[in-house]
Every structure is written in structure tokens, then in C-alpha cells.
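The letter at position 145 of the sequence shown is residue 171 when you use my numbering, and the numbering goes up by one with no holes. Every residue, glycine too, gets a C-beta built ideally from N, C-alpha and C. Remember, it's a predicted structure, so these values are computed and weren't measured experimentally.
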Amino acid sequence: MKLEVKNICCIGAGYVGGPTMAVIADKCPEINVNVVDKNEKRLKGWNSLDLSLLPVYEHGLDKLILRCRGRNLHFSNDLEKHISEADMIFISVNTPTKSKGIGAGQASDLKWIDASAREIAKYARGETIVIEKSTLPVRTAQTIKEILDSSSLLNQNKKFTVLSNPEFLSEGSAINDLENPDRVLIGGDDEDSINALTKIYLKWVNPEKILTTNLWSSELSKLSANAFLAQRISSINSISAICEATGADIKDVSKAIGTDSRIGEDFLNAGPGFGGSCFKKDILNLVYIANHYGLKEVASYWQKVVDINNWQTKRVSSLIVEKLFGTISSKKIAILGYAFKANTNDSRESAAISVSKELLNEGGNICIYDPKVSISQIKSDLVEDPIHLSNLEKSEGGWASAPTAIEAIKGSDAVVILTEWEEFRSLNWSKVASLMRPPSWIFDTRSIIDLEDAKKYGLNIWSIGLGN
Ligand code: UDX
Ligand code: ADP
Numbered sequence: 027m028k029l030e031v032k033n034i035c036c037i038g039a040g041y042v043g044g045p046t047m048a049v050i051a052d053k054c055p056e057i058n059v060n061v062v063d064k065n066e067k068r069l070k071g072w073n074s075l076d077l078s079l080l081p082v083y084e085h086g087l088d089k090l091i092l093r094c095r096g097r098n099l100h101f102s103n104d105l106e107k108h109i110s111e112a113d114m115i116f117i118s119v120n121t122p123t124k125s126k127g128i129g130a131g132q133a134s135d136l137k138w139i140d141a142s143a144r145e146i147a148k149y150a151r152g153e154t155i156v157i158e159k160s161t162l163p164v165r166t167a168q169t170i171k172e173i174l175d176s177s178s179l180l181n182q183n184k185k186f187t188v189l190s191n192p193e194f195l196s197e198g199s200a201i202n203d204l205e206n207p208d209r210v211l212i213g214g215d216d217e218d219s220i221n222a223l224t225k226i227y228l229k230w231v232n233p234e235k236i237l238t239t240n241l242w243s244s245e246l247s248k249l250s251a252n253a254f255l256a257q258r259i260s261s262i263n264s265i266s267a268i269c270e271a272t273g274a275d276i277k278d279v280s281k282a283i284g285t286d287s288r289i290g291e292d293f294l295n296a297g298p299g300f301g302g303s304c305f306k307k308d309i310l311n312l313v314y315i316a317n318h319y320g321l322k323e324v325a326s327y328w329q330k331v332v333d334i335n336n337w338q339t340k341r342v343s344s345l346i347v348e349k350l351f352g353t354i355s356s357k358k359i360a361i362l363g364y365a366f367k368a369n370t371n372d373s374r375e376s377a378a379i380s381v382s383k384e385l386l387n388e389g390g391n392i393c394i395y396d397p398k399v400s401i402s403q404i405k406s407d408l409v410e411d412p413i414h415l416s417n418l419e420k421s422e423g424g425w426a427s428a429p430t431a432i433e434a435i436k437g438s439d440a441v442v443i444l445t446e447w448e449e450f451r452s453l454n455w456s457k458v459a460s461l462m463r464p465p466s467w468i469f470d471t472r473s474i475i476d477l478e479d480a481k482k483y484g485l486n487i488w489s490i491g492l493g494n
């Protein structure tokens, strides 16, 4: 396989493909990077002159786009052209959990991977290194290889090697994670291809941080890393319920256990349940694989991590209803934060979706404010149209969106903080109390507010993992 990479093509201009290619283009100005997608709306966003319309919100991404777009970074719908010109192709398409058929609810839906592999098989010319970037079940590379090899058999000029190079970026800090990775993992068996990809990362990553393994270890490492992280959250969330029941404080417990260097302090914040496109999907993939290999105990062990997560989210919505005297019918509830975590506009698998649906189902009127998630996204998640803010109080089980936190809070019976956006840490509690309808409740599912300050104004406060 040739070593010189001049043209990269990335299939999929999403949360992974967009930022990852922007960083590669920035660090490797001599390489031409083309990101291709079939979604015209997304492409329009990536090509927009107004950088606030980029489809992905990440700190620092706009600067990279400004620097590289039109120079050596391009967003296009011309898959044929860019695949055929590429020396290296990243597959960065969506791989959600299957909703029907074999493995529904557990296995990943690989139809977009399959389609991408077929497009590569059709359009690629000469020698091409194909890299799986999307999170995938173990042995997906085999599927990709088989599709590509069948086209090499028909056309001797086409030659492919497949590498796994999983992405460990975390949304909200994607650019920093890409520029300063803990490690870069490359799985494969073709030394020349591994060297070609390594050479790209060496532009900004220390060689000792670049790990190489076989394909299957690389694929399994990605799933396992996410499963371990998610497991920590389910563990701390399970302890948060014990804290509430016993009078302990989850913040003290997290600190006390996190200072043990073997445990470490990260990822010990109790919350309304983990969201995001990866954790649940990856654990369910592990569950599916374990069951496939007859490892029932392993499957049920990991399934419990997801079960606790669902339980935690449900626990939050149930206790909101309970604290509001068992009924929220026609009461106004302000939802502060809708993204699955702070500093992103992504709402995939956000706890806010389940909590909002439960509250709507109970007849509550919810008013949502999030600094970055669009109203059209919320509408598609809740599968229900919003009503005008001014009509909310006359409704029962309706939702509206507000332009600011204060607008959402006006006239509400309860405020539920679901995402840890910085601006919610420093709300003016005196003002909040004056705008709410007493007895006013604040539900802090992220444990971020200054309790002493808020309590001064007669607000009732429930904070996750805080026992009385
Ligand atoms: C995750 C992995 O961190 C990343 O390495 C992988 O590439 C993709 O999946 P991401 O989903 O972007 O990244 O976000 P992450 O920061 O891991 O948070 C996931 C969820 O867990 C969020 O809903 C977050 O609010 C929640 N969380 C995180 C907690 O509830 N408590 C914590 O202590 C940490
Ligand atoms: P991720 O978070 O993994 O980046 P996203 O859903 O944000 O996932 O992005 C995946 C992108 O891949 C979407 O914009 C989708 O339109 C694109 N995509 C999926 N299949 C194909 C395909 N066969 N060809 C081109 N683009 C594709």
C-alpha cells in the first residue's frame, strides 16, 4: 500500500466527521480533506458563511472552519468524485440501535455502514485505505472488508485495506479532545496502512500516545471504554438514591471515593441519567455480542447498567409529580437545559426527552429553555408541536420553548434543571422566587446550584443525591 496520503474523504458530516476532519485539515495543510454527506441541510450548515449556523456546536470549531474551509477542507454531496480521488477514506456515518428486525433494541443498525462500503467499492480507484471511525460492533470491519474485496475481485486495479480508528472525543470538548487526545487507537494488520495513518496523527500527537492493535481489539476497546464510563455513572446514580434515603450527600461521597487514586475523581457526578449517542448504544452492542456468544451472565451484567440509567431518569420525573402534591395537571414546569450535557447542541438520548415526555403525559405544561438546542430538534424528539408561550398556561400537557431561562421560569410552579449549563449555576434566586408561583419547587438534577443562596428566598429545593 502506498504511504503518501494527499486526499482524504470522510463519509458523514456529523458530530464525529465534521470536527475530526476540521482538526485533521488544520493540522495537515498539505492534505486535501473532503467531507461528503447526503444530507443537503447539514451540508448547507457546514458551508454557511454565518458560523452560528454550523450544524454542530463545539467550542473552537468555528475558528477551525474559518481557517480551513475552502483551503483544504470542503463539504460536498459529490460522493463519487471525492471517493474516487481519495487515498484514505474515513467512514463516519450514524450507527444507531436497530429499531426492528433481528437484534432490534440491542444491535447497531449497520445499513449506513453497508451503504458506505458499497459506495466505496463502486467509486474508489487504485489503492485505498478505508478507516472505520464510527462506533461499531466487534467484527464490523469484516463486513466492510468482504464488501470491498468482492469489488477488488471484479476490478484488479482496486485494492483496499481496512483499519479501525475509533473516536474517543467527547461532545462539548471535542476540539480539545481531538487536539490533545489521551491516546489514538489504530487497529489493523497492514503495516503500511497503519504507518500512513500514524504519520497523519504524528503531526500533533506524541508517538507514545499512538497505540496499535489488531482490528478486533480496537473495535472492542471502543465499546469497552464507553461501557466502563457509563457504568461509573450508573454506579454513582445508584448511590445517589441511597444518599437521598439515608441522609448522606452524594457530593461528599463522590469526593471521598474519587480521592482514591485507583478510582479517580472523574465521571462521578450524579445526574438524571446518561444520554448521548454512544453510551446506551455501545452497551447494548456489548449485550448483543455477549448473548450471541452464549455469555448470558456477561450480557445481563451490562444490561443492568442501562436498566439503572432508565430507572434514574424515571425516578426524577416521578418525584417531581410526587413533590407537587401528586398532580402536575395544568401546572407550569420550566425545564432548564435540554441537551444531553452542557456545551453541545446535541439532544440524542438526553434525559430531558424522557423527563419532558413523562411530565407532558401527566398533563403538565412544560416550558423548555436550552441555550443551544433548536426548537425544531425538540419538536422532533417530543413528536409534538409546540404551542405559543403565551398560551401555555391555558393548556394541559402542552409545551413551549422560551428564549431565556427567566422567560421559562415566569409563572412556573417548578423549575427542573436537567443540563449543567454554566448559566444555571448562577441564577438570580431572588428574582426566580419572585417570578414563580408558590409553593415553588426547584429540582436540581445536576447538583449545581448554590443551595444556601437559593433557600434564602423560600424556595423548596430537591437536589440529586442529597438526603435530608
Ligand atoms: C462519550 C465518551 O465520553 C467519549 O469518549 C466517546 O467518544 C463518546 O461517548 P459523550 O457522549 O460526548 O462522550 O459525553 P460524556 O461526557 O461521556 O457524557 C455522557 C453522558 O453522561 C452525559 O449525559 C453526561 O451528562 C453524563 N455524565 C457524565 C454524568 O451524568 N455524570 C458524569 O460524571 C459524567
Ligand atoms: P455521529 O455522531 O456518529 O457523527 P451523525 O448522525 O451526527 O453521527 O452523523 C452521521 C452523518 O452521516 C449524517 O449527517 C448522515 O447524513 C451521514 N450519512 C449516513 N449514511 C451516509 C451515506 N451512505 N453517505 C453519505 N453520508 C451518509
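Within 9 Å, strictly: CB atoms of residue i and residue j
i, j, result
"Leu385", "Ser343", "yes"
"Ile157", "Ile115", "yes"
"Thr370", "Lys398", "yes"
"Gly213", "Leu241", "yes"
"Lys185", "Val42", "no"
"Thr239", "Leu195", "no"
"Ala365", "Asp396", "yes"
"Tyr483", "Ser452", "no"
"Gly302", "Glu197", "yes"
"Ser280", "Ile262", "yes"
"Val442", "Leu362", "yes"
"Lys322", "Ala316", "yes"
"Val31", "Ala147", "no"
"Leu99", "Met47", "yes"
"Trp328", "Leu312", "yes"
Endpoints, alpha helix (DSSP H) assigned at residue i
i, result
"Tyr395", "No alpha helix (DSSP H) holds Tyr395; the beta strand (DSSP E) holding it covers 391-395."
"Ile265", "241-272"
"Thr353", "Run containing Thr353: none; DSSP gives neither H nor E here."
"Asn317", "305-318"
"Phe450", "448-451"
"Trp138", "137-149"
"Ile404", "401-408"
"Lys383", "377-387"
"Ile435", "431-435"
"Asp203", "200-205"
DSSP bridge partner residues for residue i (one or two, in chain order)
i, result
"Arg95", "Leu99"
"Gly213", "Ser190, Thr239"
"Asp275", "Leu492"
"Thr123", "Ser134"
"Glu158", "Ile117, Ser190"
"Ile487", "Ile468"
"Val59", "Ile34, Leu99"
"Glu153", "Lys185"
Extent of the continuous beta strand (DSSP E) run through residue i
i, result
"Ser427", "425-427"
"Trp577", "An answer regarding residue 577 cannot be provided, because it is not within the stretch 27 to 494 covered by the chain."
"Met114", "114-117"
"Ile443", "440-443"
"Val458", "No beta strand (DSSP E) contains Val458, which is instead part of the alpha helix (DSSP H) from 455-461."
Simplified DSSP assignment, three categories, for residue i
i, result
"Asp476", "coil"
"Asp88", "helix"
"Leu321", "coil"
"Ile34", "strand"
"Leu362", "strand"
"Ile226", "helix"
"Ile173", "helix"
"Val42", "coil"
"Asn369", "coil"
"Lys64", "coil"
"Lys107", "helix"
"Glu291", "coil"
"Lys398", "coil"
"Thr339", "helix"
"Glu419", "helix"
"Ser196", "coil"
"Tyr327", "helix"
"Ser74", "coil"
"Pro81", "coil"
"Gly284", "helix"
"Ala48", "helix"
"Asn232", "coil"
Exercise. Near ligand 1, which residues have their beta-carbon less than 6 Å from any of its heavy atoms, given in chain order?
Worked result: Glu193, Phe194, Leu195, Ser196, Glu197, Asn252, Leu255, Ile259, Phe293, Leu294, Asn295, Gly297, Phe300, Gly301, Gly302, Cys304, Phe305, Phe366, Lys367
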